[in-house]
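S.K.: Numbering (this note's numbering), first residue to last: 41 to 370.
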């Protein structure tokens, strides 16, 4: 079966990582050009200054406009948005060339360089997106395989059977949660979703686990300050909570508490998950694979503006996700 590629989309021009990549690549090409034009090392500084004087003003103007227009651009079909990015780049270059009284070949050269440079930059980000996109399909496959673990399904169904007579309403709710969990896991999860939806799925999953584990699993939710409209990659929290349940609760004979904290601060969103840790052994390869996969997905959607970090204390294991606060459509 062929794997579907991630739908093409423009880079996030409001993201620091994207802007730094563009500046680094453009100035890197400028340095190469200055080196080729220099015959002595002492000429390099002057050549680079001359190139930078022509490059930086239109480049910074273009990046400023793209940063201001990024939300509108990303709503457009990819080809339309890409065309507008090129037009903005070429327009900025042409405008600054005219302000510097350039004409004839110089004006045409600057416009052509801007056209080729912006097209090459879009091609670079598209290739990078396609190189990282298998992480999305891999995450879905891993989550699905994890959730169809025989012991999870077997224990969940046994828990439902034990509830049918004494608590039929609760048994019905657990079955509904199971059905919803499998529906989401089998869906095409390639677009960002509201954090509120991820939290809802996490609550449904943990409700199933509470039926299985009973009083051994305690939950401490801190989501009053959660930005419900913040966008997050789908199926990010559930694998982390699964690891928290498996390593923090199932591996211990004592009751334990899993703490979930979601909040925003300075245009960033934080989700922190903490579970008990007995200090013996390490998390298995499946946990490391899940963390690595989630890091790749955060990188795909948010570049270097997002981060997943872990912290091990004397009696706890903590995972923290930090990402930019991107609001979903109203």
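Here a beta-carbon is modelled for each residue, glycine too, at the ideal position from N, C-alpha and C.
Note down, in chain order, each residue of its chain lying with its Cβ closer than 8 Å to the Cβ of residue 159, except the 5 sequence neighbours on either side.
M.R.: Only 126 meet the Cβ criterion.
S.K.: Residue 88 to residue 60, Cα distance in whole Å?
M.R.: The alpha-carbon atoms of residue 88 and residue 60 are separated by roughly 19 Å.
S.K.: I'd like to know whether the C-beta atoms of residue 360 and residue 312 end up nearer to each other than 8 Å.
M.R.: Yes, the pair counts as a contact, with Cβ atoms nearer than the cut-off.
S.K.: What does the alpha-carbon distance come out to for the pair residue 68 and residue 264?
M.R.: Spanning the two alpha carbons is a distance of roughly 46 Å.
S.K.: Alpha carbon to alpha carbon, what distance is there between residue 351 and residue 244?
M.R.: Taking the straight line from one Cα to the other gives about 26 Å.
S.K.: Considering residue 120, what are the terminal residues of the alpha helix (DSSP H) in which it resides?
M.R.: Note, residue 120: alpha helix (DSSP H), 118-139.
S.K.: Could you check the C-alpha separation between residue 340 and residue 155 for me, to the nearest Å?
M.R.: Approximately 26 Å, taken between the alpha carbons.
S.K.: So, helix, strand or coil for residue 165, using DSSP?
M.R.: Helix at residue 165.
S.K.: Can you tell which of 316, 215 and 292 has its C-alpha closest to the C-alpha of residue 298?
M.R.: The shortest Cα separation from residue 298 among 316, 215 and 292 belongs to 316.
S.K.: Under DSSP, the alpha helix (DSSP H) around residue 88 begins and ends at which residues?
M.R.: From DSSP, the alpha helix (DSSP H) with residue 88 extends over 81-115.
S.K.: Fully enclosed by the segment 300-349, which beta strand (DSSP E) runs are 3 residues long or longer?
M.R.: Segments of the beta strand (DSSP E) lying fully in the segment 300-349: 308-316.
S.K.: Can you give the Cα-Cα distance for residue 75 and residue 356, rounded to whole angstroms?
M.R.: Going by the C-alpha atoms only, they are around 54 Å apart.
S.K.: Taking all protein chains shown into account, do 16 or more other C-beta atoms lie within 10 angstroms of the C-beta of residue 217, making it buried, or fewer, making it exposed?
M.R.: That one is buried.
S.K.: Measure the C-alpha to C-alpha separation of residue 111 and residue 50 and round it to an integer number of angstroms.
M.R.: Near 10 Å, if we compare the C-alpha coordinates of residue 50 and residue 111.
S.K.: Using a 10 Å radius around the Cβ and a threshold of 16 neighbouring Cβ atoms, would you call residue 202 buried or exposed?
M.R.: The residue in question, residue 202, is exposed, as its Cβ has fewer than 16 Cβ neighbours within 10 Å.
S.K.: For residue 314, which option in 145, 353 and 344 has the closest C-alpha, if you only look at C-alpha atoms?
M.R.: Ranking 145, 353 and 344 by Cα distance to residue 314 puts 353 first.
S.K.: Can you list, in chain order, the residues of its chain with a C-beta nearer than 8 Å to that of residue 242? Leave out the 5 residues immediately preceding and following it.
M.R.: Cβ neighbours of residue 242 beyond the five flanking positions: 277, 278, 281 and 300.
S.K.: In its own chain, which residues sit with a C-beta less than 7 Å from the C-beta of residue 73, not counting the 5 before and 5 after it?
M.R.: Only 91 meet the Cβ criterion.
S.K.: Where are the beta strand (DSSP E) runs, 3 residues long or more, that stay fully inside the segment 233-264, in chain order?
M.R.: Counting whole runs of 3 or more residues, the segment 233-264 contains the beta strand (DSSP E) stretches 257-262.
S.K.: Considering only their Cβ atoms, is the gap separating residue 98 from residue 132 smaller than 8 Å?
M.R.: Against a cut-off of 8 Å, the Cβ pair of residue 98 and residue 132 comes out as a contact.
S.K.: Helix, strand or coil for residue 51, going by three-state DSSP, please let me know.
M.R.: It is coil, neither helix nor strand.
S.K.: Rounded to a whole number of angstroms, what is the C-alpha to C-alpha distance between residue 274 and residue 338?
M.R.: Computed Cα separation, rounded: 10 Å.
S.K.: So which of 96, 102, 150 and 70 has the shortest CA-CA distance to residue 84?
M.R.: The candidate whose alpha carbon is nearest that of residue 84 is 70.
S.K.: Specify the secondary structure class of residue 365 as computed by DSSP and reduced to three states.
M.R.: DSSP places residue 365 in coil when its eight states are reduced to three.
S.K.: Quick one: give me the first and last residue of the alpha helix (DSSP H) that residue 68 is part of.
M.R.: Looking at the DSSP string, the run of the alpha helix (DSSP H) that includes residue 68 is 56-77.
S.K.: Residues bridged to residue 271 by DSSP?
M.R.: Paired residue(s): 234.
S.K.: For residue 297, list the residues DSSP reports as bridge partners.
M.R.: 258, per the DSSP bridge assignment.
S.K.: Let me make sure I understand the geometry here. Which of 95, 58 and 308 has the alpha-carbon closest to that of residue 130?
M.R.: Ranking the options by Cα distance to residue 130, first place goes to 95.
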